[in-house]
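Below: one structure, written as structure tokens.
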Amino acid sequence: MAIEFEQGRIGDGELSLSDRASTIPWWLIGIILIIIVMVLQIINNVEYRRAYDAIIPGLQLTIYATIGGFVAASIIGLFAGLGRISKNALFRNLATAYIEFIRGVPMLVLIIVSGVVLIPTVTDGLNQSFGLDIRIPEAIRGGIALAVVYGAFMAEIFRAGVESIPKGQMEAARSVGMTHGQAMRYIVLPQAIRNVLPALGNDFIAMLKDSSLLSVLAVRELTQQAKLYTGSSFRYNEGYLVLTVLYLTMTLVLSLLLQWYQRRLRKGE
Amino acid sequence: MAETSHDMIVIEGLHKLFGDIHAVKDVNLRIRRGEVVVIIGPSGSGKSTVLRCINHLEEPSAGSIRFDGVHLEDPATDINKVRTDVGMVFQQFNLFPHLTVLENVTIAQTKVRKRKEEEAKKIAMAQLERVGIPDKADKLPIQLSGGQQQRVAIARALAMNPKAILFDEPTSALDPEMVAEVLDVMLGLAKEGMTMVVVTHEMGFARAAADRVVFMDHGEVVEIDSPEVLFSQPKHERTQLFLNQILQH
Ligand SMILES: Nc1ncnc2c1ncn2[C@@H]1O[C@H](COP(=O)(O)OP(=O)(O)O)[C@@H](O)[C@H]1O
Ligand SMILES: [Mg+2]
Chain A
0 MAIEFEQGRI GDGELSLSDR ASTIPWWLIG IILIIIVMVL QIINNVEYRR AYDAIIPGLQ
60 LTIYATIGGF VAASIIGLFA GLGRISKNAL FRNLATAYIE FIRGVPMLVL IIVSGVVLIP
120 TVTDGLNQSF GLDIRIPEAI RGGIALAVVY GAFMAEIFRA GVESIPKGQM EAARSVGMTH
180 GQAMRYIVLP QAIRNVLPAL GNDFIAMLKD SSLLSVLAVR ELTQQAKLYT GSSFRYNEGY
240 LVLTVLYLTM TLVLSLLLQW YQRRLRKGE
Chain B
0 MAETSHDMIV IEGLHKLFGD IHAVKDVNLR IRRGEVVVII GPSGSGKSTV LRCINHLEEP
60 SAGSIRFDGV HLEDPATDIN KVRTDVGMVF QQFNLFPHLT VLENVTIAQT KVRKRKEEEA
120 KKIAMAQLER VGIPDKADKL PIQLSGGQQQ RVAIARALAM NPKAILFDEP TSALDPEMVA
180 EVLDVMLGLA KEGMTMVVVT HEMGFARAAA DRVVFMDHGE VVEIDSPEVL FSQPKHERTQ
240 LFLNQILQH
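Residue numbers (numbering that gives the first Met the number 0), protein chains in the order written: chain A, 0 to 268; chain B, 0 to 248.
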């Protein structure tokens, strides 16, 4: 042990074999191997290929719902986060109520409630009051449901981001005559958002995974496609293994990108 | 009122409480146009709080403050407008780290003073020239030394064409070798007739630039006099005690 420790300090060039082995990201190689095996299966095995062909059309909705939901959740989260630390008691209480409500209910239930109760109630209300015929496409229904849920998580991220900026920044901005709003917009938020980008990135990945919950609203994203395929073909193994590896591939790529970005950020400092 | 026309800042009966802490007790102070007033006193004596009340970063608990004839406590007063006329330089510089030096000096000009980008840049460069670092315009604050950062902060204040500048221990966070470059800039401003209120323990600066020195203790103004008199023949024992302490260090 002591010897290995000594060697470890000399430098990369003189690492012992066992040290070098311990720095290799074996977990990553393992996961990549799993993905490769699955890709080979899809290429060579007709049942896997059928499952893949049936499920992959859901990718589009998964991506749309995730990106749309992410953008909407960011906007909701920004305002709810600012509301949470607002001096205005009404904003503060509204924001806190929203956040605590969301945190107190399981995500699956929230998705069902916003898709089956909230959105139809709003659209029906609008349609009846104004004689309209709004029908929200399933991708957007899914995106809204995700945004309502994730807006509350992101509110806490934005709140923490704003609170991480030293008070002197707001004071310096106010001392040159900026209003509170200008100081937020030009001085505090740009710094706060830069600080929370990694956390937002993690939420994006989490949203991508949670978009599978939209299958309960019959949104034809990946998971729903897999359910439909396995339900009709009874090929449960193939369908759900392909589904698993599809999610795994996407989240792996995204989290590697995020790690790379964070490393670059740290170097830049 | 004729008597106030040559007063830039008039503080009357100022009190500030933070919960149970009586940080400022009945402070009265008149600062004339073009005057340089240095405030000294032990840590926690309320110096910063007085300064911060002048531009309403702290709201006074009682008393009145007039800045160039404008009553700050009047609800009709636009405090943001007043603040554009009162520069402030902080101990910790408080530059905007996500903006370049030039942007630090232009942002309030364009967003608050509504100057055109071109004009703001020209003014900013002139002020950076004035504080001696025009060559750092495109750098980020983090790439500058403490002394340079504080000079940028002074340029940022100057670019708004303030009627007065408040300095809260502008050299306390600096390495000793950088104190002089900041004090030189401040001395230059004093000579040009800028109205300045400076919290500092730099006795050399006070001697060279101050018209009057204010000694504060426990939230009160104990003594006000010219630097010559206050430093060599203080009337109050508390002033004497404090001066002895800082001269020993
Ligand atoms: N924001 C604040 N909240 C509570 N107490 C404060 C605050 N700012 C200052 N004080 C207190 O007020 C007193 C005066 O502080 P300050 O004006 O900063 O003194 P000085 O600048 O002379 O060191 C101190 O006791 C300090 O702890
Ligand atoms: Mg202070």
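Glycine is no exception: its CB is placed at the ideal position from the N, C-alpha and C atoms.
query	result
First through last residue of the alpha helix (DSSP H) which encompasses Phe121 of chain B	The identity of residue 121 of chain B in the sequence shown is Lys, whereas the question assumes Phe. Glu116 to Arg129 is the extent of the alpha helix (DSSP H) around Lys121 of chain B.
Chain B contacts made by the segment 185-200 of chain A, where a contact means CB separation under 8 Å	Tyr185, Ile186, Pro189, Gln190 and Arg193
Any non-hydrogen atom of ligand 1 closer than 7 Å to Asn42 of chain B Cβ	Inspection of the sequence shows that residue 42 of chain B is occupied by Ser rather than by Asn. Yes; taking the cut-off as 7 Å, the Cβ of Ser42 of chain B has a heavy atom of ligand 1 nearer than that.
Which listed residue (A:Gln181, A:Asn87, A:Pro24 and A:Leu145) has its alpha carbon closest to that of Thr61 of chain A	A:Leu145
Beta-carbon separation (whole angstroms), Phe166 of chain B vs Val85 of chain B, contact threshold 8 Å	Contact doesn't hold; Cβ gap of about 12 Å is too wide.
Selection of the segment 248-263 of chain A by Cβ proximity to chain B, strictly under 9 Å	none
8 Å contact criterion, which Asp224 of chain B and Val36 of chain B should meet: CB distance rounded	The Cβ separation is near 11 Å, so there is no contact.
9 Å Cβ cut-off: residues of chain B touching Glu170 of chain A	Arg51, Leu56, Met87, Phe89 and Asn93
Residue range of the unbroken beta strand (DSSP E) whose run includes Ser63 of chain B	Ala61 to Phe66
Where Glu222 of chain B falls, given that 16 or more other Cβ within 10 Å makes a residue buried	buried
Residue environment, Leu256 of chain A, which counts as buried when at least 16 other CB atoms sit within 10 Å	exposed
Rounded distance between the beta-carbons of Leu94 of chain B and Gln148 of chain B, thought under 8 Å	6 Å
Distance cut-off 7 Å: Ser174 of chain A Cβ against heavy atoms of ligand 2	no
Range of the contiguous beta strand (DSSP E) that encloses Arg211 of chain B	Arg211 to Asp216
Rounded distance between the beta-carbons of Gly146 of chain B and Val181 of chain B, thought under 8 Å	6 Å
CA-to-CA distance, Ala136 of chain B to Pro175 of chain B, given in whole angstroms	24 Å
Length at least 3, wholly inside the segment 31-119 of chain A: the beta strand (DSSP E) runs in chain order	none
Inter-residue spacing [alpha-carbon to alpha-carbon] between Ser85 of chain A and Val81 of chain B	24 Å
Residue nearest to Ile143 of chain A in terms of C-alpha spacing, selected from A:Leu16, A:Phe69 and A:Arg134	A:Phe69
Cα-Cα separation between Pro41 of chain B and His21 of chain B, rounded to whole angstroms	15 Å
Other residues of its chain near Ser231 of chain B: CB distance less than 6 Å, five sequence neighbours each side excluded	none
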